[in-house]
Every structure is written in C-alpha cells, then in structure tokens.
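Residue numbers (UniProt numbering): 1 to 260.
The next block holds one structure in the form of structure tokens; read it before the comments.
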C-alpha cells in the first residue's frame, strides 16, 4: 500500500483515540515520523476536513470521521436486525448488551444497548477489546480452528490478575465454551466487570458475531449467571435463525481474519 496513505491513516487513528488535541511534535513522536512529514500529513488531512487545526497549532479529529463511521454502521443489516433482540435482552437482564464482531485478535463493538442501572460496565460503539478477555470475543474465537487457537494460546496478554494466559488453561476454556455454547468473562478484561455471550451464526453455520451482556461482577453470581446464559443463548439463537443465504455480507467488510 502507498506509504503516505498508511501514515495518514495512522495519524487519523492516533487522533481518534486521543483524549484531546495533540501538537505536531507529539504526533510525530508517537508515530516515529519526522516532524516535517507529520506537519505535511496534518495539512493534507485538514484540507480534506478529517482533522481540525486549533489556535496554537494543535490538532484534533473532526466530526467527518464520526459521519463516516455512522454511515458505515447503518449499512450493517445485522445491526439493524439485532436492535429489537438487544432491547429485549437488556429488559430481561438489566445489564448492558453488546453486539460484537471479530477483527483479527480483537472484538469491535458494533452496537450496544446501555443498562439503565446507575452502576454499569463502560464501553462504546466502535471500541475494541482483546478477544481472549471478553465474553463476546471468547464466544467467537472458541469456534476457530485448533491451529488458530494453538497459535493464539502462545500470544495471550494479561490485563487483570484473572486473565487466562496459560496455554493449557486457555485451550480447556475454549473447549468448554464449544461444549456449552456460551462464554463467560470473569473480570478478565477489567477488574470487577463480568459478562456472558454466545455466538451468532449465518445460514451456513459460520460464527460471524456475538451477542452478550456485561456489568459489575457483583451482579454476576451463580444463579444470575445461569439466568443470563439462558437469555443470551436464546437471543443468539433468534438472531442466527434470522440469517440465511450464506455469509452475512453486512459484516464481511468489518471482520478480518488473523492467520498465524
């Protein structure tokens, strides 16, 4: 790919994930670019309205990126198809509901229904998380090939003391998920946040997404966990039954495969 294009995309991604405006020097340092190169890229991006230049010379992402993201999300017909099911799942459990797809070794949250509880799990549409740490991610990767999982088991990163990083334990966890049909996150991505999720399959039986609930671990005790898992399995089954005709085209533009 064109090297300048890749550098420009890196600038956009950096600013999109930044908590505020950044100066040229900070951007250049973060991306390992000469300051002059970073300045030229920022000028070009500002001319196309992807970034905004503020007084003092700092830059931030513009609303154009949000417009593009919103336009893309509107094209995912699974997302539209899932809205009613997600609303019903939130009403039944009282917890936040996520619809996720797999992008290499991360999940991307393509839709969310927020819990009405004042204390709830924090996440955002378009956000990412390590797939081996969250319930929706585990629900998808468990159905990958044994070769894929074996390679993944050698690259596990711990995010909390509860993250499963031992290859044998990870392999056993994946087998358990395949057996029972749903995955559980026990404070593995964020301390005191747990979740339950199940895979969504297309008309050919391929796992293309996952739906799940998450919230404070204190509300995910054994009895409630069983109830949540039953509700999540029903929601995933309902969404899967609504998909037919092969791989779901609405997600083929989002999810990408990681090949070890």
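Where a beta carbon is used, it is the ideal one built from N, C-alpha and C, also for glycine.
On a predicted model such as this, the values are computed, not experimentally measured, just so you know.
Beta-bridge pairing of residue 195 - partner residues as DSSP gives them | Under DSSP, the beta-bridge partners assigned to residue 195 are 185, 214.
Have a look at 126, 22, 37 and flag the residue whose alpha-carbon is nearest the alpha-carbon of residue 68.
-> Residue 126 is the option with its Cα nearest to residue 68.
How is residue 140 classed by DSSP in three states: helix, strand or coil?
-> Annotated three-state conformation of residue 140 is helix, per DSSP.
Give every residue of the same chain whose Cβ lies closer than 8 Å to the Cβ of residue 238, excluding the five residues on either side of it in the sequence, and list them in chain order.
-> In its chain, beyond the 5 residues on either side, 85 have a beta carbon closer than 8 Å to the beta carbon of residue 238.
Using alpha carbons as the reference points, say which of 123, 47, 138 lies closest to residue 105.
-> Considering only alpha carbons, the answer is 138.
Using only alpha-carbon positions, find the residue among 160, 7, 167 that is nearest to residue 191.
-> Measuring C-alpha to C-alpha distances from residue 191 to each of 160, 7, 167 identifies 160 as the nearest.
Please classify residue 114: does DSSP put it in a helix, a strand, or coil?
-> DSSP places residue 114 in the coil class of the three-state scheme, outside both helix and strand.
First and last residue of the alpha helix (DSSP H) that includes residue 129?
-> Residue 129: not part of any alpha helix (DSSP H); member of the beta strand (DSSP E) spanning 128-130, first to last residue.
Going along the chain, which residues of its own chain have a beta-carbon closer than 7 Å to the beta-carbon of residue 39, five neighbours each way excluded?
-> The answer, listed in chain order, is 24.
Return the residue from the list 217, 132, 107 that minimises the CA-CA distance to residue 124.
-> Of 217, 132, 107, the residue nearest in Cα terms is 107.
For residue 152, which residues does DSSP report across the bridge?
-> Partner(s): none; residue 152 has no beta bridge.
Proximal residues to residue 30 (C-beta, below 8 Å), its chain only, five neighbours per side dropped = Taken in chain order, the residues that qualify are 14, 22.
Neighbourhood of residue 28 by C-beta, 7 Å cutoff - its chain only, sequence neighbours within 5 removed | Around residue 28: 34, 35, 38.
Which word fits residue 249, buried or exposed, when buried means at least 16 other C-beta atoms lie within 10 angstroms of its C-beta?
-> Annotation note: pLDDT 42 at residue 249 (below 50); position unreliable, coordinate value reported separately. When all chains shown are included, residue 249 counts as exposed.
Using the beta-carbon count (16 or more within 10 Å), is residue 112 buried or exposed?
-> Buried.
When you compare only the Cα positions, how much space is there between residue 204 and residue 240?
-> Their Cα atoms are separated by approximately 10 Å.
With DSSP collapsed to three states, give me the class of residue 106.
-> Strand, per DSSP.
What residue does the beta strand (DSSP E) around residue 52 start on, and which one ends it?
-> Under the DSSP assignment, residue 52 falls in the beta strand (DSSP E) whose first and last residues are 51-53.
Write down the C-beta distance between residue 213 and residue 89 rounded to the nearest angstrom, noting that I regard them as a contact closer than 8 Å.
-> Contact flag correct, Cβ pair sits at about 7 Å.
Please report how far the alpha carbon of residue 206 lies from the alpha carbon of residue 200, in whole angstroms.
-> Each residue's Cα considered, the two are about 8 Å apart.
Mind listing, in chain order, the continuous beta strand (DSSP E) runs of no fewer than 3 residues lying wholly within the UniProt domain "HTH iclR-type" (2-63)?
-> Within the UniProt domain "HTH iclR-type" (2-63), the complete beta strand (DSSP E) runs of at least 3 residues are 51-53, 59-61.
Are the Cβ atoms of residue 136 and residue 235 separated by less than 8 Å?
-> If you check the CB distance, residue 136 and residue 235 do not come in under 8 Å.
Quick one, are the C-beta atoms of residue 178 and residue 142 less than 8 Å apart?
-> With a cutoff of 8 Å on beta-carbon distance, residue 178 and residue 142 are scored as near each other.
Is it buried or exposed for residue 166, if we count other Cβ within 10 angstroms and need 16 for buried?
-> The residue is exposed, with fewer than 16 neighbouring Cβ atoms inside 10 Å.
Anticipated Cβ contact below 8 Å, residue 194 with residue 170, distance rounded = About 18 Å separates the two Cβ atoms, so there is no contact after all.
Give the DSSP-derived three-state secondary structure of residue 209 in the structure shown.
-> Three-state result, residue 209: strand.
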